Amino acid sequence: MDTAADLLDPVPIPVSPPKEKLRRLKVAEWERFQRDGVLVFRQLIPAAVREQMLAVTLDGVEREIGPIEYEAELHYPGAPASLAAEGGRTIRRLKQAHSRHYVFTQWLSEHELTDRLVDLLGPRLVMPLAHHNCIMTKQPKFSSDTGWHQDIRYWAYHRPDLISVWISLVPERIENGCLRVIPGSHRMSFDRSRFDESLFFRGDLSENHAVIANAVPVELDPGDVLFFHAKTLHSASRNYTTQTKYSAVFTFRAADNLPLPGTRSAELPELMLP
């Protein structure tokens with residue numbers, strides 16, 4: 006069966022440097038990202054760095070160090086009905102991860118990461134602090150299902166070409182709610198009618214079924230890193246295991262891809278990367 010990625014010509018992201026001038030990526034990796042909008046790097050995070058990131062995360066969860074987003078605040082399927090309900094204080098995200106500890110700041114500037122991003126976004130990188138910049142948690146009880154969506158649905162930039170970097174701090178499997186992605190969906194065009202009022206891709210529409218049928222899980226081991234395009238459709242189930250899943254997530258753009266004034270994307274300062 007043809008996948009969604011196979012059905013479209015892999016036209017490169019407009020800001021991507023040519024594959025003949027790559028700093029770090031292999032040509033096959035560059036081509037895979039252009040085609041799929043998804044790319045996994047195994048064991049990219051050194052064990053000591055990953056362990057320190059996890060320690061900061063566990064401390065933040067245990068002491069509820071803000072800013073925090075609770076599952077009950079989003080009302081996704083499986084979440085507690087309110088903050089006052091049973092499980093209402095279940096944490097979904099530790100926000101502003103970049104400023105929680107130097108371990109994040111330092112690794113986000115490492116050439117192991119930035120060279121790969123430069124190969125896809127160009128030589129001048131910016132990390133928005135208004136989007137992602139968080140530690141995602143999926144706890145064994147009261148975690149929720151996240152429907153199919155594109156991150157660009159609630160972001161506002163001159164171009165949709167942003168890349169999110171998903172850092173696995175513990176094993177991520179189907180059972181504990183690993184990400185599912187639809188390869189090639191970042192190159193598809195969809196009418197607004199194919200999304201619901203919250204801009205989730207509608208699973209009840211027959212015309213969407215063929216797209217969703219191409220979904221694949223992205224299972225990760227601790228220290229693995231996933232890149233995905235802001236238009237890549239992705240989703241995740243709740244956590245059906247007895248152990249909490251933790252992931253750190255950050256987003257990057259080219260310096261000339263500015264946020265639109267007056268939008269949420271322009272609310273916070275941004276980090277210029279070397």
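Counting in our numbering, the sequence shown runs from 6 upward without gaps. Heads up, the beta-carbon is just placed ideally off N, CA and C, and yes, glycines get one too. Note that the coordinates shown come from a computational prediction; the quantities given were computed from them, not determined experimentally.
Asked: Ala220 to Gln111 span [Cα, whole Å]; Found: 34 angstroms
Asked: Through-space distance from Ser242 to Gly182, alpha-carbon basis; Found: 5 angstroms
Asked: Those residues which DSSP pairs with Ala241 across a bridge; Found: Thr151
Asked: Counterpart residues of Thr119 in DSSP-defined beta bridges; Found: BP columns for Thr119 are empty, so no partner.
Asked: Start and end residues, beta strand (DSSP E) containing Tyr75; Found: Ile73 to Tyr75
Asked: Collapsed DSSP secondary structure at Ile157 in the structure displayed; Found: helix
Asked: Glu275 versus Met132: straight-line alpha-carbon distance, rounded; Found: 6 angstroms
Asked: Assigned secondary structure, Ile18 (DSSP; H/G/I helix, E/B strand, else coil); Found: coil
Asked: Three-state secondary structure assigned by DSSP to His136; Found: coil
Asked: Extent of the continuous alpha helix (DSSP H) run through Arg37; Found: Val32 to Asp41
Asked: Stretch-stretch touch, CB-based, cutoff 8 angstroms, three pairs: the segment 150-157 with the segment 231-241; Found: yes
Asked: Selection from Pro264, Val223, Phe257 and Asp229 that minimises the alpha carbon distance to Pro128; Found: Phe257
Asked: First and last residue of the uninterrupted beta strand (DSSP E) at Met58; Found: No beta strand (DSSP E) contains Met58, which is instead part of the alpha helix (DSSP H) from Ala52 to Glu67.
Asked: Neighbourhood of Leu210 by C-beta, 7 angstroms cutoff - its chain only, sequence neighbours within 5 removed; Found: Arg199
Asked: Counterpart residues of Ser173 in DSSP-defined beta bridges; Found: Ser252
Asked: Of the listed residues Val43, Val186, Leu99 and Ser173, nearest to Asp229 (C-alpha basis); Found: Ser173
Asked: Cα-Cα separation between Asp7 and Pro23, rounded to whole angstroms; Found: The predicted model places Asp7 with a pLDDT of 39, which falls under 50 and marks its position as unreliable; any figure quoted below should be read in that light. When rounded, the distance between both Cα atoms is 27 angstroms.
Asked: Continuous alpha helix (DSSP H) stretch holding Ile217: start and end; Found: Ser211 to Ile217
Asked: Bridge-paired residues (DSSP) for Phe109; Found: None; Phe109 has no bridge partner.
Asked: Residue interval of the beta strand (DSSP E) (run including Lys100); Found: Ile96 to Lys100
Asked: Residue range of the unbroken beta strand (DSSP E) whose run includes Glu275; Found: Glu275 to Met277
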